[in-house]
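**Student:** Respectively, the protein sequence lines represent chains F and H. Quick note on the working numbering: the first sequence kicks off at 33 and runs consecutively. Quick note on the working numbering: the second sequence kicks off at 33 and runs consecutively.
2 protein chains.
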Amino acid sequence: MATLRDVAKLAGVGAGTVSRFLNESGYVSDDTKLKIQDAMVKLDYTPNELARNLYHHRTGNIAVLVPSVTFPYFARFIECVEGELYERGFKTMICSTAKQQNAEMEYLDMLKRHIVDGVITGVHTLDDDIYRKIHLPIVALDRYLGEEIPVVTSDHKDGGRKAAMVLINSGCHRVMQFRGSQKVKVASPYHERHNEFERVMKEHGILIENYNLAWNHHDSPYYKKIAYEVAPILKDYDGFFAVDEGAAYVMSECERLGMKVPDDIQIVSYDGTFITDLTEPRLTSIVQPVEQIAADAADLIVQRIQGMSFLNKKIVRPVTLKAGGSTISCSTEE
Amino acid sequence: MATLRDVAKLAGVGAGTVSRFLNESGYVSDDTKLKIQDAMVKLDYTPNELARNLYHHRTGNIAVLVPSVTFPYFARFIECVEGELYERGFKTMICSTAKQQNAEMEYLDMLKRHIVDGVITGVHTLDDDIYRKIHLPIVALDRYLGEEIPVVTSDHKDGGRKAAMVLINSGCHRVMQFRGSQKVKVASPYHERHNEFERVMKEHGILIENYNLAWNHHDSPYYKKIAYEVAPILKDYDGFFAVDEGAAYVMSECERLGMKVPDDIQIVSYDGTFITDLTEPRLTSIVQPVEQIAADAADLIVQRIQGMSFLNKKIVRPVTLKAGGSTISCSTEE
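1. Could you tell me which whole beta strand (DSSP E) segments of length 3 or greater appear in the stretch 240-278 of chain F?
2. Which first and last residues belong to the alpha helix (DSSP H) in which VAL322(H) is found?
3. Please check the pair GLN335(H) and PHE273(H), which I expect to be a contact at CB under 8 Å, by giving their CB distance rounded to whole angstroms.
4. So, does the CB of LYS144(H) fall closer than 8 Å to a CB anywhere in chain F?
5. Assign LEU289(H) to one of two classes, buried (16 or more other C-beta atoms within 10 Å of its C-beta) or exposed (fewer than that).
6. Quick one: what's got a C-beta closer than 6 Å to LEU332(F)'s C-beta in the same chain, skipping five residues either side?
7. In the DSSP assignment, find the unbroken beta strand (DSSP E) run with GLY212(F) in it and report its ends.
8. Report the rounded CA-to-CA distance for LEU158(H) versus GLU136(H), giving the unit in angstroms.
9. How many angstroms separate the CA atom of VAL351(H) from the CA atom of ASN201(H)?
10. For VAL184(F) versus ILE325(F), is the C-beta spacing smaller than 8 Å?
11. LEU310(H) versus chain F: which residues are under 7 Å apart at the beta carbon?
12. Got a sec? Which residues, its chain only, sit under 8 Å from PHE106(H) by beta carbon, not counting five neighbours each side?
13. Starting from the C-beta of SER361(F), find all residues in its chain whose C-beta is less than 8 Å away, skip the five residues before and the five after it, and write them out in chain order.
14. Decide if LYS65(F) is buried, meaning its Cβ has at least 16 other Cβ atoms within 10 Å, or exposed.
15. If LEU310(F) and ILE337(H) are in contact, beta carbons under 8 Å, what's the gap, nearest whole angstrom?
16. Strictly under 8 Å for the Cβ-Cβ distance: is CYS127(F) near chain H by that measure?
17. Just the C-alpha distance for GLY46(F) and ASP70(F), rounded to the nearest angstrom, thanks.
18. With DSSP as the reference, label THR78(F) as helix, strand or coil.
19. I need the boundaries of the alpha helix (DSSP H) containing MET197(F), first residue and last residue.
20. For chain H, is any of its Cβ atoms less than 8 Å away from the one on ILE68(F)?
21. With 7 Å as the limit, tell me which residues of the stretch 143-166 of chain F have their beta carbon closer than that to any beta carbon of chain H; keep them in chain order.
22. Compute the distance between the beta-carbons of ARG314(F) and SER186(F), then report whether it is under 8 Å.
23. Does DSSP classify THR316(F) as helix, strand or coil?
24. Mapping the DSSP letters down to three states, classify ARG120(H) as helix, strand or coil.
25. Straight-line CA distance for ASN248(H) to ALA196(H)?
26. Residues of the stretch 102-126 of chain H in Cβ contact with chain F at a cutoff of 8 Å, in chain order, please.
27. When DSSP labels each residue in this structure, what does ILE147(F) get in the three-state scheme?
28. Near MET142(F), what residues of its chain come up, given a Cβ to Cβ distance below 7 Å and the 5 sequence neighbours on each side ignored?
29. Measuring only the C-alpha atoms, how far is GLY44(F) from HIS146(H)?
30. Determine the extent of the beta strand (DSSP E) in which TYR302(H) is found, giving its start and end residues.
31. Note down, in chain order, every chain F residue with its Cβ under 8 Å from the Cβ of ALA40(H).
32. State the DSSP-derived secondary structure class of ASN344(H), mapped to helix, strand or coil.
33. Just checking my contact of ILE297(F) with GLY271(F) at CB under 8 Å: how many whole Å lie between their CB atoms?
34. Can you find a C-beta in chain H that's less than 8 Å from the C-beta of THR78(F)?
35. In three-state terms, what does DSSP make of LEU42(H)?
36. Quick check: the Cα distance between TYR393(F) and GLU114(F), rounded to an integer number of angstroms?
Following this line, the structure appears as structure tokens:
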């Protein structure tokens with residue numbers, strides 16, 4: 033394989049000149065540029081990106097941390113954010129942290145060690161203090177990690193309200209929701225949908241039961257297990273609210289027990305991923321604008337890498353209702 | 033932030049000694065090692081990984097290319113292979129190539145430019161000639177890319193046979209399958225399941241119709257669209273075979289048209305991902321051992337990076353049948 037020196041020799045210039053040209057680090061005449069380019073083409077020379085990155089203190093890599101890649105919302109987020117970052121000239125590294133105890137810490141450390149230029153994180157298992165000490169490019173997906181770390185989220189409060197109103201307008205009187213773990217030390221945006229769902233239900237005098245999910249579990253076997261446990265209990269309820277995967281498993285378990293959807297139990301799901309169309313009836317769902325959220329996250333991390341700083345920055349995107357057959361009404365009117 | 037020179041100064045040694053220690057590139061006495069380690073801890077010094085990688089000609093990154101991250105089988109493969117690579121000391125970069133025309137070529141180029149140490153690829157949109165010219169670490173998932181590139185796959189031929197036998201033992205007489213695109217220039221392992229399915233059906237005198245999928249489409253909107261087109265036609269059939277996502281969409285469309293599963297139409301799916309449990313009835317499916325396949329791919333790529341070469345290496349893992357309610361029989365006996 034050709035080296036920088038081979039290129040310099042063929043172009044009839046010094047190696048330092050080729051280096052200046054490749055790193056855009058000083059004056060090189062147009063005539064010389066053409067000679068170097070010509071020599072590079074002739075020799076099929078590809079510069080060692082590692083050396084270039086070392087010079088520019090830049091790797092071109094951004095890490096995206098999620099608890100689970102197979103969880104449909106995260107899978108779609110990764111697909112979208114990878115495309116957005118690719119268009120902005122960055123490569124995406126992923127880490128699924130649920131199985132790997134120290135992965136979150138290790139990736140933050142990679143920021144310091146110049147392996148990645150930035151981190152977009154949808155996980156939060158460390159103390160906030162750790163995040164507060166890192167003044168490097170981090171963007172949070174649905175997590176509050178300190179005032180220097182911008183957050184991208186959807187309007188979960190409105191999502192919780194919409195979900196509640198659909199079930200109320202459908203005539204429900206006793207409802208259950210799967211609620212995200214309350215174990216995290218600082219309230220995260222996604223808690224707002226559970227709180228608002230509960231508040232609206234109580235305001236309308238409707239019995240509401242919260243089923244607390246285990247912390248940081250987003251895998252199918254977990255949802256399958258709790259759907260199996262919860263379905264028999266739901267005979268005493270007429271409304272149910274959970275993320276897509278939880279809702280879909282609960283629906284199929286209820287149907288297996290002979291309950292009819294929406295006659296016996298009505299179901300609203302959260303996220304609006306492809307699995308809401310796989311069930312019969314289709315799931316009425318609150319849709320997070322994942323494409324927009326991924327574009328926002330990509331914009332913010334690139335701006336952070338370019339040196340912009342943010343204080344208490346929060347981007348909140350609206351959610352929408354997708355009508356399905358799992359509820360009698362799909363109205364979100366008060 | 034502390035520099036290598038700060039560490040050298042505090043340890044009372046030369047910068048070259050610290051460099052030798054960090055890069056394990058020459059003799060450093062145990063006494064000196066302790067002094068350097070002590071200084072590194074006191075100064076909270078983290079070595080610049082880029083510089084180290086430049087020295088070792090190694091990035092620690094492996095790229096995984098798939099057509100779509102949200103396609104359930106690929107999502108699960110990525111999750112598994114990321115964990116396997118993490119355990120072996122490598123980070124995973126991903127690229128979802130369906131939307132990005134030049135991405136496959138660009139990632140191969142990244143191999144040459146030392147941005148990644150290896151590529152595991154589940155896509156195949158380029159000419160085989162391009163792959164034959166690259167004598168760098170590549171491992172293929174379900175694709176034949178040349179004799180130097182090892183392939184990990186499952187026993188698709190047996191999978192096609194098992195799927196056919198389940199429908200035959202269930203009493204089907206007219207069946208349809210979604211068949212992977214025949215447009216790729218070289219036969220890929222996954223074609224074998226379609227060919228074997230067709231062969232066994234014909235051998236048993238059963239009418240078999242192939243519905244050819246568009247090339248390189250693995251997205252939900254596509255499967256949703258063709259399920260909508262195909263479901264009315266399936267009134268004239270009594271058996272159907274497709275990948276999980278296609279099977280699930282077709283099942284829900286058929287149910288919407290008033291057809292009963294398995295009474296009117298029986299369905300077998302391929303892959304065995306979590307979505308086979310989301311439908312009612314559950315899908316009878318042929319399960320690919322994705323965890324094992326991911327571990328194999330990780331082993332092979334690390335061995336390639338370490339300098340091992342393979343000629344016509346192919347790892348084939350057995351598939352299994354997962355019984356569901358979408359077929360009357362779940363027997364694969366001849």
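C-beta atoms are modelled at their ideal positions from N, C-alpha and C, and glycine is treated no differently. Note that the structure is a prediction, hence the values are computed from the model and not measured.
**Tutor:** Based on what the coordinates show:
1. 271-275
2. 322-337
3. In fact, because the Cβ distance is near 35 Å, the residues do not count as touching under 8 Å.
4. yes
5. exposed
6. VAL171, PRO182
7. Per DSSP, GLY212(F) belongs to no beta strand (DSSP E) and is neither H nor E.
8. 8 Å
9. 19 Å
10. yes
11. ALA280, TYR281, SER284, ILE307, LEU310, THR311
12. VAL98, PRO99, SER100, GLY154, HIS250
13. VAL198, ASN201, SER202, GLY203
14. exposed
15. Rounded, the Cβ-Cβ distance is 39 Å, inconsistent with contact.
16. yes
17. 15 Å
18. coil
19. 188-201
20. no
21. LYS144, ARG145, HIS146, ILE147
22. Against a cut-off of 8 Å, the Cβ pair of SER186(F) and ARG314(F) comes out as no contact.
23. Residue state, collapsed to three classes: strand.
24. coil
25. Computed Cα separation, rounded: 24 Å.
26. THR102, PRO104, ALA107, ARG108, ILE110, GLU111, GLU114, GLY115, TYR118, LYS123, THR124, MET125, ILE126
27. Here ILE147(F) sits in coil by DSSP.
28. For MET142(F), where only same-chain residues beyond five positions count, the Cβ hits under 7 Å are ALA95, VAL148.
29. The alpha-carbon of GLY44(F) is positioned some 26 Å away from that of HIS146(H).
30. Element bounds for TYR302(H): 298-303.
31. Those do not exist, as ALA40(H) stays about 19 Å from chain F at its closest Cβ, beyond 8 Å.
32. coil
33. 7 Å
34. At least one chain H Cβ lies under 8 Å of THR78(F).
35. Looking at LEU42(H) - three-state DSSP - the assignment turns out to be helix.
36. This structure cannot speak to residue 393(F), because chain F is shown only from 33 to 366.
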